[in-house]
Structures are given as structure tokens and as C-alpha cells.
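Encoded as C-alpha cells, the structure appears first; notes follow it.
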Amino acid sequence: MRATPLQRLLSFIVGWAAALLLFFPIAWMVLTSFKSERDATSPSLFFTPSLDSYREVFARSDYLSFALNSVVISVGGTVLALLFAIPAAYSMAFHPTRRTRGTLLWMLSTKMLPPVGVLVPIYLLFRTAGLLDTRSGLVAIYALMNLPIVVWMLFTFYKEVPNEILEAGRMDGARTAGEVWHLLLPLTLPGVASTGLLSLILCWNEAFWSLNLTSAGAAPLTAFIASFSSPEGLFFAKLSAASTMAVAPILVFGWFSQRQLVQGLTFGAVK
């Protein structure tokens, strides 16, 4: 059923209105970062642009160190989650048991628990294991944080692959590792890529664990932003400059990878 010109126009208007509404906070943050502290609290769009906030942010903190921590922790957490999720999703998709559905629901239910509910035991475990303020500690906690979502997404993608393809591989002598590496991963590469991208974004934006389990050595960009909130008050211009510098890398990355993300999220939707 073809849409009428009026329906296409309404869809265009609604789409752009939603996009502008979602983008407005980011645009306002960027504008505020070029204001002085005096003008930052004003809603006026007319001001004299200044780079003073960016200069002060660079002078106060080692931005590159925070950015490197974010890259290492986000990539490490994503890779570790995929290493565990791929065999788990494969097993539940192609070798299900009576407990498979219950296991999936149990994994998803762990996301319903507020992180603060397990902060104390996690903190004590990390302190005992010497993982406080370390990259490896955040990599582990980020992987565990995203593991239920990654398993669920991969399980959904794997269910779209006909089991006959893997059976044909077994008949040709392929072992389990060969099935996954040579057959399953190439067939579901868009889905695996989109899952990895989503996990990477979630790791990059995670603030709760980074603020509570790090101090200086392994602090990522989320802690870098929080450092500009002080007991004396909020310095909106500097806070906006720090936030812009923190979200810019992941925004650029998301912009260039949006095609792969959309392709993966719609994988198997249309046969």
C-alpha cells in the first residue's frame, strides 16, 4: 500500500521533529561549552564564542589519559562479553534444553536489579582481589554488565540461521569450533557487529561503576566529566566543555558505524 503525498510529508515532519528533539540537549551542551561561566546560565543564543573553557579543562586534567582508559575499558569489556556470549548463545540456540528459556529469562532479570544493590559486595570483592582502580577490574564488570543483553541479541540472531546449514557442516566433518567460526559467524556477522557496537556504546557511557570503583589511575571519561562537579557548585561552561570532549569520540564513531548498526539490528527481520 503506497503512502499518499500528505502521509509522506507528515512522516517527514514527525521524523525531523523527533530527531531535533533528541539532538537538542547535545546541541545545547556544545553551545554552552563555548560560553563563559557568566553566560553559561543564560538561555540566550547570542554570545561571544570563547575557547577558555576548553583551555581550562585541558590545563586541569590529562584528557588523553582518560580517553585512553575509556577506549581500553570499552573495547576490552565488549570483546570479553562477546567471547562468553557467542558460545553461550550458540548452545542455547542450536542445542536447547528444558532450562534454556528459564536461563535466558534469569539472565535478563539480572538487568532489573539496580547496580547500587550490589555495590557493596562488588566493592569488597574488588578490594580483596586488588582490582580497585584498575582497567582489568572495569573490563570485567563492564563485560558482566552487558553480558545478558549481548547473549539475548546473539541468541535472536542465531535463531534466524537454519539448523540444516550447521548439520551440513557436521556431515562434512566440521567440529563445534569450526561450525561457529566458519559457518555461524560469517552468516550472522551483521548481527554480531551490531551487538558489539551496542555493547561498546553502553560501556563508553557507563558512569556508576567507573565513579565507584576508580579514583585516578583507571578512571575513564565519565569520571573525567564528574570531576568538574565540585562542592563550590557547578561550572556549567567547563562541565559542558568536558562533556563535549567526552561524547565527541563515541558520536563520531556512531555516525560512521550507523549503517552497520541498523543493518545488524534489522538482521533477520525480513526474509
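Numbering (the working numbering), first residue to last: 10 to 280. Glycine residues also receive a C-beta, built at the ideal position from the N, C-alpha and C atoms. The model shown is predicted, which means the values in this text are computed figures rather than measured ones.
Are the Cβ atoms of residue i and residue j separated by less than 8 Å?
| i | j | result |
| --- | --- | --- |
| L89 | A152 | yes |
| M254 | Y72 | yes |
| T223 | L147 | yes |
| M101 | T109 | yes |
| P42 | S236 | The sequence given here has Ser at residue 42, not Pro. Result no, Cβ atoms of S42 and S236 do not sit closer than 8 Å. |
| L192 | F103 | no |
| A227 | N78 | yes |
| F245 | T50 | yes |
| Y167 | N221 | no |
| A28 | P258 | no |
| S219 | T87 | no |
| G200 | E188 | no |
| L117 | P52 | no |
| A216 | D142 | no |
With respect to the alpha helix (DSSP H) encompassing residue i, which residues constitute its N-terminal and C-terminal limits?
| i | result |
| --- | --- |
| K247 | 245 to 265 |
| M121 | Note, M121: premise wrong, no alpha helix (DSSP H); not H, not E. |
| F164 | 144 to 167 |
| R69 | 61 to 69 |
| G178 | 172 to 180 |
| L220 | 217 to 222 |
At a cut-off of 7 Å, would you count residue i as near the ligand SAM, judging by its Cβ distance to the nearest heavy atom?
| i | result |
| --- | --- |
| F233 | Among the ligands in the structure shown, none appear at all, so the ligand SAM cannot be discussed. |
For residue i, which residues of its own chain have a beta-carbon under 6 Å away from its beta-carbon, when the five flanking residues on both sides are left out?
| i | result |
| --- | --- |
| K280 | For K280, the pLDDT reaches just 42, beneath the cut-off of 50, and the residue's location in the model is therefore unreliable, although a value from the coordinates is still provided. Result list for K280: empty, nothing under 6 Å. |
| D48 | F56 |
| A278 | Note on A278: pLDDT 46, under 50, position unreliable in the model; no value is reported. |
| I97 | According to the sequence provided, residue 97 is Ala. The question's Ile does not apply to it. Correct list, in chain order: V160. |
| L140 | G146 |
| P124 | F217 |
| T13 | none |
Grab me the residues of residue i's own chain with a C-beta within less than 7 Å of its C-beta, minus the 5 sequence neighbours each way, in chain order.
| i | result |
| --- | --- |
| E65 | K247 |
| G263 | I210 |
| S266 | L206 |
| S70 | F233, S236 |
Per DSSP, what kind of secondary structure is residue i in: helix, strand or coil?
| i | result |
| --- | --- |
| S83 | helix |
| S45 | coil |
| S238 | strand |
| G139 | coil |
| F55 | coil |
| A278 | Confidence at A278 is low in this model, with a pLDDT of 46, below 50, so its placement is unreliable and the value that follows should be read with caution. Note: A278 maps to coil in three-state DSSP. |
| L200 | The question names Leu, yet the displayed sequence has Gly at residue 200. Correct three-state label for G200: helix. |
| G187 | helix |
| T13 | coil |
| T106 | coil |
| T231 | helix |
| V23 | helix |
| G226 | coil |
| T50 | coil |
Among the options, which one has its Cα closest to the Cα of residue i?
| i | options | result |
| --- | --- | --- |
| M162 | R69, S20, T204, S236 | T204 |
| S62 | E46, I158, W213 | E46 |
| F233 | I35, F67, L29, V39 | F67 |
| S83 | W37, L31, S145 | S145 |
| L194 | V23, L91, V39 | L91 |
| L196 | A216, F217, N172 | N172 |
| P112 | V256, V160, D181 | Here the sequence assigns Thr to residue 112, which means Pro is not the residue at that position. Checking every option, the nearest Cα to that of T112 belongs to V160. |
| A36 | F21, I22, A183, L54 | L54 |
| L198 | R69, I95, C212 | I95 |
| G85 | A183, P229, G24 | P229 |
| P130 | W115, I150, L114 | I150 |
Considering only residues of the same chain and omitting the five flanking positions on each side of residue i, which have a CB-CB separation below 8 Å?
| i | result |
| --- | --- |
| L60 | F43 |
| N155 | G86, T87, A90, S208, L211, C212 |
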